[in-house]
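Student: The structure follows.
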Amino acid sequence: MDPQSTIILGKAIGAGLAMIGAAGGGIGIGLSVGGAVQAMGRNPDHTPTIQTNMILGVAFAEAVAIYALVVSLIILFVLN
Amino acid sequence: MNSFWNGKRRYVALLLFLAGVFVALEVPPVIPFIQLPGENLPSGYNIPFTDMRITNTLVAAVIVWILLLLFLAYIARRRPKDGSEVPPGGFYNMFEALYEGLMGFISGIAGGAHFRLIFNMFMTIFLIVLLSNWMSLIPGIDTVGFIHAHTKEKYDPATEEYKVITTDGYEIYQGFLGISYVNGQCDWISPADEAAADEAALANAEAVRLAAIDELAVKVAYARYQASHDGHGDDATEEGAGGHGDDDHAEEAGDSDEASAAYDEVLAAREAEKQARRDRDCYTGVAISPWEDGYEPSGKDEKKEPIPLHPDPGSAEAKRVPWVVLPLVRVASTDLNMTLTLAIIAVVMVQYVGVKALGIGYLTKFFNFGTLFKSPLGGIDVAVGLLELIGDFAKILSFSFRLLGAMFAGAILLFVMSFLVPILPWPFFILEFFVGAIQALVFALLTAIFMNLATISHHHDDDHDHAEAH
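Protein sequence lines correspond, in order, to chains A and B.
Quick note on the working numbering: the first sequence kicks off at 1 and runs consecutively.
Quick note on the working numbering: the second sequence kicks off at 1001 and runs consecutively.
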């Protein structure tokens, strides 16, 4: 295998492995939204408060997934 | 205006759909050229009177500022001055509803003594990020721009110089008014394939020439054989051996006319094939290496300007090079410079509002040495303060990378989906619409929340201030 193909192979595998981190973000978002929806169903009066905190939590959980995404983007498009 | 468009908007949508189908059939999709840092515009588009280059994300950022200023001027003009209760309606009304909704939302979160400052910061960041995120939905952005050769520059450590590497891509069509674009008539080309085709044509021509010579030699030998057969059959082999010198002569004679004619014919066919593509107005250009014309790169990492379009694409010396588009405008939030700047501003404002609310005592949040010798667990307070300090720097990183990651990934998604399903990338545009709005809301909301947290003393004295808001 020539060096160029080896580099591409390594980049693709590395970017794919980096995106495994996104699974954690997905689980976190699912848990927090699920909990928030349950809470809203039981207590509709507190929807604004719950929603605010839910968006915050989703943002924090999503940030971790986006770090993984940024790492894989950097591997694909910035590394030479 | 409204009555004219009533009930007719569906035809506009249908027309746009048909236009999409036509474009998808006529124009082949271009391989998206993905680059994380903002691309420099070609030279000649510098910031006036300086050598500083403009990136296409900066263009988008300037457009966002201008749009925001126009927007604010419009809102200020439309605002009823006499305090009348008549709702103005239309766009202004929509904005007022949005503004009031967000105001109530933020007063529920941070409705303390510093509500005005926090809300101003929230709304500013929200509008800037929202506008720059939604710019990716406008047609023409990320797609209209300068066409330049698809080349890469690689530093070769062995010879200590830059090499221009051309890559595969579409050649361009230069059509109406000299506007260049990628068109269905033009082929996908790769410089390596082209060189291989040239080489194959040469080899083929050589083979044809040799075959012609062989055929000629066989003819001559056959004629000789027949001649000898008619006369004295026994001496036929001797004749053949002796006549070898004559065969060589015949070969040379054949080379000069028939064989070389066959050779030229094959090469001419290859040349005609190339010319046919030029006649279809499918141009390539010559890849001019900037370093060949006395250009000296000042450093290894200096950013090279795109290789310019050759003034005469049909010229003989023009090499076949594929082209890519350098967009004139690229969404500002796909550039780390923009998101990092906003993140630094947000975190600095968090510290500002903290100092404003709590005075110099705010700094004890980070450097908490007060309890170090008073209580047995004082060391923990010091460590927690240092962690808070690190956490505030991490906030800058998380702010900037969250927005950059979401918007850059969205831009790539739109590129790739327009490439895969040219007729129907709409669902992804709708997705991007929501992602842009949510990311803008998250950025601004987190700023507001961090600012509110900074105004609350950690000595649990004035917590009731916060509790009242709820």
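Glycine included, every Cβ here is placed at the ideal spot set by N, Cα and C.
The structure presented is a predicted model; accordingly, all values stated were derived computationally and were not measured.
#1: Measuring only between beta-carbons, confirm whether Ala-63(A) sits less than 7 Å from chain B.
#2: Less than 7 Å between the C-beta atoms of Ile-1141(B) and Val-1329(B), yes or no?
#3: Considering only residues of the same chain and omitting the five flanking positions on each side of Ile-1034(B), which have a CB-CB separation below 8 Å?
#4: Less than 7 Å between C-beta atoms, sequence neighbours within five positions excluded: which residues of the same chain meet that for Thr-1364(B)?
#5: Using DSSP with H/G/I as helix, E/B as strand and the rest coil, what is Pro-1327(B)?
#6: Cα separation between Ala-1113(B) and Arg-1009(B)?
#7: Does the pairing of the stretch 1394 to 1402 of chain B with the stretch 1332 to 1350 of chain B give three or more beta-carbon distances under 8 Å?
#8: Which whole-angstrom value is the C-beta distance of Leu-1036(B) and Asn-1056(B), which I expect to be below 8 Å?
#9: Which runs of the alpha helix (DSSP H), 4 residues or longer, sit entirely within the stretch 1075 to 1106 of chain B?
#10: Chain A beta carbons: is any one of them nearer than 7 Å to that of Asn-1442(B)?
#11: Does the beta-carbon distance from Thr-1334(B) to Phe-1408(B) come in below 7 Å?
#12: Please state whether the Cβ-Cβ distance between Ala-36(A) and Ser-72(A) is less than 7 Å.
#13: Looking at the secondary structure, which residues open and close the alpha helix (DSSP H) in which Tyr-1362(B) lies?
#14: Is there at least one Cβ from chain B nearer than 7 Å to Val-70(A)'s Cβ?
#15: Buried or exposed: which applies to Gln-1439(B), given that a residue is buried once 16 or more other Cβ atoms fall within 10 Å of its Cβ?
#16: Closest Cβ-Cβ distance between Ala-1394(B) and chain A: below 7 Å?
#17: State the DSSP-derived secondary structure class of Asn-1452(B), mapped to helix, strand or coil.
#18: Spell out whether any CB of chain B is found under 7 Å from the CB atom of Ile-66(A).
#19: For Pro-1327(B), count the other beta carbons within 10 Å of its own beta carbon; 16 or more makes it buried, fewer makes it exposed. Which is it?
#20: With a threshold of 16 other CB atoms inside 10 Å of the CB of Pro-1080(B), please say whether the residue is buried or exposed.
#21: What does the Cβ neighbour count give for Leu-1309(B), buried or exposed, with the cut at 16 atoms within 10 Å?
#22: So, helix, strand or coil for His-1244(B), using DSSP?
#23: Leu-1216(B): which of Asp-1230(B), Tyr-1225(B), Glu-1258(B) sits nearest, CA to CA?
#24: Pop quiz: Phe-1399(B) and Phe-1366(B) are said to be a contact at Cβ under 8 Å. What is the actual Cβ separation, rounded to whole angstroms?
#25: Below 8 Å, how does it come out for the stretch 31 to 47 of chain A and the stretch 57 to 75 of chain A: are there three or more Cβ pairs, yes or no?
#26: Check whether the Cβ atoms of Ala-1346(B) and Ala-1060(B) lie closer than 7 Å to each other.
#27: Please classify Asn-43(A) as buried or exposed, where buried requires at least 16 neighbouring CB atoms within 10 angstroms.
#28: Could you check which residue in Val-1355(B), Phe-1401(B), Gly-1359(B) has the C-alpha nearest to that of Ile-1344(B)?
#29: What span of residues does the alpha helix (DSSP H) with Gly-16(A) cover, start to end?
#30: Please state whether DSSP places Phe-1434(B) in a helix, a strand or coil.
#31: Measure the Cβ-Cβ separation of Ala-22(A) and Ala-65(A) and say whether it is below 7 Å.
#32: DSSP has Gly-81(A) in a bridge; who is on the other side?
#33: Leaving out five residues on either side along the sequence, give the residues of the same chain with a beta carbon under 6 Å from the beta carbon of Ile-1063(B).
#34: Check the Cβ-Cβ distances between Ile-1141(B) and every residue of chain A, and say whether any is below 7 Å.
#35: For the alpha helix (DSSP H) containing Val-1421(B), list its first residue and its last residue.
#36: Around the C-beta of Phe-1091(B), are 16 or more other C-beta atoms found within 10 angstroms, so that it is buried, or is it exposed?
Tutor: Put simply:
#1: For this step, residue 63(A) is matched to residue 63 along the first sequence. It does; some Cβ of chain B falls within 7 Å.
#2: If you number the second sequence from 1, residue 1141(B) lands on position 141. If you number the second sequence from 1, residue 1329(B) lands on position 329. A contact, by the Cβ cut-off of 7 Å.
#3: For the purposes of this step, residue 1034(B) is taken as the residue at position 34 of the second sequence. These residues qualify, in order along the chain: Ile-1412, Phe-1415.
#4: In the second sequence, residue 1364(B) corresponds to position 364, counting from 1. Excluding positions up to five away in sequence, the list reads Gly-1370.
#5: Residue 1327(B) sits at position 327 when you count from the first residue of the second sequence. Note: Pro-1327(B) maps to strand in three-state DSSP.
#6: Working through the second sequence from its first residue, we reach residue 1113(B) at position 113. Working through the second sequence from its first residue, we reach residue 1009(B) at position 9. Cα-Cα distance, rounded: 48 Å.
#7: yes
#8: Residue 1036(B) sits at position 36 when you count from the first residue of the second sequence. Residue 1056(B) sits at position 56 when you count from the first residue of the second sequence. The pair is not a contact, with the Cβ atoms about 13 Å apart (cut-off 8 Å).
#9: none
#10: Sequence index remark: in the second sequence, residue 1442(B) carries index 442 (1-based). According to the sequence as given, residue 1442(B) is Val; it is not Asn. Yes, because at least one Cβ of chain A sits closer than 7 Å to the Cβ of Val-1442(B).
#11: As a first step, residue 1334(B) must be located in the second sequence, where it is residue number 334. As a first step, residue 1408(B) must be located in the second sequence, where it is residue number 408. Taking 7 Å as the Cβ cut-off, Thr-1334(B) and Phe-1408(B) qualify as a contacting pair.
#12: Taking the first residue of the first sequence as position 1, residue 36(A) is located at position 36. Taking the first residue of the first sequence as position 1, residue 72(A) is located at position 72. No.
#13: Along the second sequence, read from residue 1 onward, the residue named residue 1362(B) stands at position 362. It is not in any alpha helix (DSSP H) - Tyr-1362(B) carries neither H nor E in the DSSP assignment.
#14: On the first sequence, position 70 is the one that residue 70(A) refers to. Answer yes: the Cβ-Cβ gap between Val-70(A) and chain B drops below 7 Å somewhere.
#15: The count along the second sequence starts at 1 and reaches residue 1439(B) at position 439. With 16 or more Cβ atoms within 10 Å of its Cβ, Gln-1439(B) is classed as buried.
#16: Start at 1 with the first residue of the second sequence, and residue 1394(B) comes out as number 394. No, no contact with chain A.
#17: On the second sequence, residue 1452(B) is found 452 positions in, with the first residue counted as 1. Here Asn-1452(B) sits in helix by DSSP.
#18: For this step, residue 66(A) is matched to residue 66 along the first sequence. It does; some Cβ of chain B falls within 7 Å.
#19: Within the second sequence, residue 1327(B) is the residue found at index 327, counting from 1. Under this definition Pro-1327(B) is a buried residue.
#20: The count along the second sequence starts at 1 and reaches residue 1080(B) at position 80. Pro-1080(B) comes out exposed.
#21: Residue mapping note: residue 1309(B) aligns to position 309 of the second sequence, counting from 1. Here Leu-1309(B) scores only 48 on pLDDT, less than 50, and its place in the model should not be relied on; the value that follows carries that caveat. So Leu-1309(B) ends up on the buried side.
#22: Position 244 of the second sequence holds residue 1244(B). For His-1244(B), the predicted model reports a pLDDT of 47, less than 50, meaning its position is unreliable; a value from the coordinates is still stated below. In this structure, His-1244(B) counts as helix in the three-state DSSP scheme.
#23: By 1-based counting over the second sequence, the position of residue 1216(B) is 216. Per the Cα distances, Glu-1258(B).
#24: By one-based count along the second sequence, residue 1399(B) stands at place 399. By one-based count along the second sequence, residue 1366(B) stands at place 366. Their Cβ separation, rounded to whole angstroms, is 19 Å, which puts Phe-1399(B) and Phe-1366(B) out of contact at 8 Å.
#25: yes
#26: Here the question's residue 1346(B) lines up with position 346 in the second sequence. Here the question's residue 1060(B) lines up with position 60 in the second sequence. No, these two residues do not count as a Cβ contact at 7 Å.
#27: Translated into the one-based positions of the first sequence, residue 43(A) becomes position 43. Asn-43(A) comes out exposed.
#28: As a position in the second sequence, residue 1344(B) is number 344, starting the count at 1. Out of Val-1355(B), Phe-1401(B), Gly-1359(B), Phe-1401(B) has the C-alpha closest to the C-alpha of Ile-1344(B).
#29: By one-based count along the first sequence, residue 16(A) stands at place 16. Taken as a continuous stretch (DSSP letters only), the alpha helix (DSSP H) holding Gly-16(A) covers 3 to 18.
#30: As a working note, residue 1434(B) is residue 434 in the second sequence. Correct three-state label for Phe-1434(B): helix.
#31: Within the first sequence, residue 22(A) is the residue found at index 22, counting from 1. Within the first sequence, residue 65(A) is the residue found at index 65, counting from 1. Cβ atoms of Ala-22(A) and Ala-65(A): closer than 7 Å.
#32: Here chain A comprises residues numbered 1 to 80, so residue 81(A) is not present and cannot be evaluated.
#33: Here residue 1063(B) is taken as the residue at index 63 of the second sequence, counted from 1. Excluding residues within five positions, none has a Cβ falling inside 6 Å.
#34: As a first step, residue 1141(B) must be located in the second sequence, where it is residue number 141. Judged by the 7 Å Cβ criterion, Ile-1141(B) is not in contact with chain A.
#35: Taking the first residue of the second sequence as 1, we reach residue 1421(B) at position 421. Unbroken run through Val-1421(B): none, as it is neither H nor E.
#36: Reading the second sequence from its first residue, position 91 is the one you call residue 1091(B). Exposed, since its Cβ has fewer than 16 Cβ neighbours within 10 Å.
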